[in-house]
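Residue numbers (this note's numbering): -1 to 459.
Glycine included, every Cβ here is placed at the ideal spot set by N, Cα and C.
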Ligand code: G2I
């Protein structure tokens, strides 16, 4: 180890200890996933949005993960919103953060039917022009980060569920050859990056992964420069496919690397101890699959905190899909990953947060024709301190929050979400935090009956 690496490692260790201490004093001996994974010859990564590189989110990302994927910032719609004019702001921020923290970067993604800029999605182009637009885009983006990207998702989500190729704009106009052309352009511009095709619902053997397998065989036979296959692995608790390992192995046996690229394991909310225990077993099983396949390079989770996850927006009523809760406390899933990676320490009971240990008092303090003022008290009835909190409830009668104090309250449909202010983020065991808001009502102003704190159900008083 050079002096520089040693200094970097000890700086990272210091960060890790500080962050874990901050997130949960009860878990001072929590393991560092990136170190455990490195000892096994793998990486452990996370997706992250550029807007979350600071604060607790940024600190935990730096301390725990040795690979980053830009959640949205490297997609075509983000980097080339106007034809030929590129905006690298968010992508550069993530590249710089990764470099500062000794992290690899998975580039995501060059050619995808989704999140295309409007000019591309809605424009009409001749076939030759479209091919040139695509290869120019691939060339420009891979050249910008030449030598700095570990793996590129060159083509993303090219398949239908039945294993046929998706009728994207590229496939419809250019046929299957668009895939080979994208890979060739990427290789020419950045010979060092490992080039991947990436998809979801391909984790198990079956029609979709068979289609992918056949395509990859054809590409290899044609000498197309493809290095790896990414398995997104967006799962539901209790449903890790039994054929996952065998499936990864058959791709590896074609002479390709494989990676688990977007792991999350969702559940129907609210969480319970039993669901969290199942989720722990599932994260452990998935991590073990990567460990068991020599050519599996590593695992990336698609967000590491339930505070920042795409799942609740897309699957209403589901969530808690990541290894940390909304208050950045490690969940059982986190310890499941660590155990798969060889850790055998004491997790302190693995009750990360306030499961059954919060009580909410909600009171309408005044009410007039269409408006009302309410006060909410959140009490920590558990024995561990809460370091930050997100309280959620859904309105039974169409109410809506208009302004709030001592918390930031947002509303999406009938769902209200209150996030602590900085002065009341910490709630010691036995302590409480209060906030208030003004809202509108119509018809009736029935109180919400169920609250969750950091994803866990609270009692109401
Ligand atoms: O859908 C989950 C993932 C499936 N595989 C490919 C991934 O790239 C994809 O990630 C998600 C992001 O996590 C979301 O954050 O991709 C979504 C778009 O398809 C992202 O959502 C979008 C929202 O739909 C937009 O409304 C929003 O403006 O994120 C955008 C930026 O915040």
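Short Cβ contact (8 Å threshold) for residue i with residue j
i: residue 454; j: residue 268; result: yes
i: residue 197; j: residue 213; result: no
i: residue 226; j: residue 149; result: yes
i: residue 436; j: residue 371; result: yes
i: residue 273; j: residue 235; result: yes
i: residue 320; j: residue 291; result: no
i: residue 191; j: residue 184; result: yes
i: residue 218; j: residue 173; result: no
i: residue 171; j: residue 120; result: no
i: residue 71; j: residue 89; result: yes
i: residue 418; j: residue 431; result: yes
i: residue 427; j: residue 380; result: yes
i: residue 386; j: residue 423; result: yes
i: residue 107; j: residue 151; result: yes
i: residue 144; j: residue 340; result: no
i: residue 202; j: residue 245; result: yes
i: residue 264; j: residue 317; result: yes
i: residue 357; j: residue 445; result: no
i: residue 231; j: residue 104; result: no
i: residue 277; j: residue 331; result: yes
i: residue 326; j: residue 54; result: yes
i: residue 238; j: residue 182; result: no
i: residue 324; j: residue 304; result: yes
i: residue 95; j: residue 31; result: no
i: residue 425; j: residue 394; result: no
i: residue 75; j: residue 113; result: yes
i: residue 97; j: residue 141; result: no
i: residue 111; j: residue 166; result: yes
i: residue 48; j: residue 61; result: no
First and last residue of the uninterrupted alpha helix (DSSP H) at residue i
i: residue 135; result: 125 to 142
i: residue 337; result: 330 to 338
i: residue 273; result: 271 to 290
i: residue 171; result: 167 to 172
i: residue 157; result: Looking at the DSSP string, residue 157 is not in any alpha helix (DSSP H), and its letter there is neither H nor E.
i: residue 95; result: 87 to 98
i: residue 34; result: 31 to 37
i: residue 84; result: From DSSP, residue 84 is part of no alpha helix (DSSP H); its letter is neither H nor E.
i: residue 54; result: 53 to 62
i: residue 327; result: It is not in any alpha helix (DSSP H) - residue 327 carries neither H nor E in the DSSP assignment.
i: residue 237; result: Careful: residue 237 lies outside any alpha helix (DSSP H) and carries neither H nor E.
Which residues DSSP lists as bridging residue i, in chain order
i: residue 72; result: Partner(s): none; residue 72 has no beta bridge.
i: residue 194; result: 151, 226
i: residue 384; result: 425
i: residue 255; result: 226
i: residue 356; result: 378
i: residue 294; result: 256
i: residue 370; result: 365, 437
i: residue 457; result: 357
i: residue 406; result: 417
i: residue 317; result: 265
i: residue 299; result: 44, 261
i: residue 460; result: Look at the range of the chain in this structure, -1 to 459, and you will see that residue 460 is not part of it.
i: residue 176; result: Its beta-bridge partners do not exist; DSSP assigns none.
i: residue 449; result: 391
i: residue 442; result: 440
i: residue 66; result: 44, 103
i: residue 399; result: 437
Closer than 7 Å: residue i CB and nearest the ligand FAD heavy atom
i: residue 122; result: What this structure holds is the ligand G2I, not the ligand FAD.
Cβ-Cβ separation, residue j to residue i (assumed contact under 8 Å), whole Å
i: residue 296; j: residue 73; result: Not a contact, Cβ separation roughly 21 Å.
i: residue 373; j: residue 434; result: 5 Å
i: residue 388; j: residue 375; result: The pair is not a contact, with the Cβ atoms about 16 Å apart (cut-off 8 Å).
i: residue 409; j: residue 390; result: The pair is not a contact, with the Cβ atoms about 10 Å apart (cut-off 8 Å).
i: residue 397; j: residue 438; result: 7 Å
i: residue 109; j: residue 157; result: Their Cβ separation, rounded to whole angstroms, is 13 Å, which puts residue 109 and residue 157 out of contact at 8 Å.
i: residue 92; j: residue 147; result: That belief does not hold up - the Cβ atoms of residue 92 and residue 147 are roughly 11 Å apart, past 8 Å.
i: residue 178; j: residue 220; result: 6 Å
i: residue 66; j: residue 87; result: Not quite, the Cβ-Cβ distance comes to about 16 Å (not below 8 Å), so this is no contact.
i: residue 338; j: residue 289; result: 7 Å
i: residue 64; j: residue 42; result: 6 Å
i: residue 194; j: residue 161; result: Not a contact, Cβ separation roughly 19 Å.
i: residue 281; j: residue 59; result: With 8 Å as the limit, residue 281 and residue 59 do not qualify as a contact, their Cβ atoms being about 17 Å apart.
i: residue 255; j: residue 293; result: 5 Å
Residue i: first and last residue of the uninterrupted beta strand (DSSP E) it sits in
i: residue 232; result: 232 to 234
i: residue 41; result: 41 to 46
i: residue 312; result: Counting along the chain, residue 312 falls outside any beta strand (DSSP E), though it belongs to the alpha helix (DSSP H) covering 309 to 312.
i: residue 106; result: 102 to 110
i: residue 434; result: 430 to 438
i: residue 163; result: That residue, residue 163, is in no beta strand (DSSP E); it is neither H nor E in DSSP.
i: residue 412; result: Taken as a continuous stretch (DSSP letters only), residue 412 belongs to no beta strand (DSSP E), as it is neither H nor E.
Residue i at chain C interface by Cβ criterion, 8 Å
i: residue 262; result: In the structure shown, chain C cannot be found, because there is only a single protein chain.
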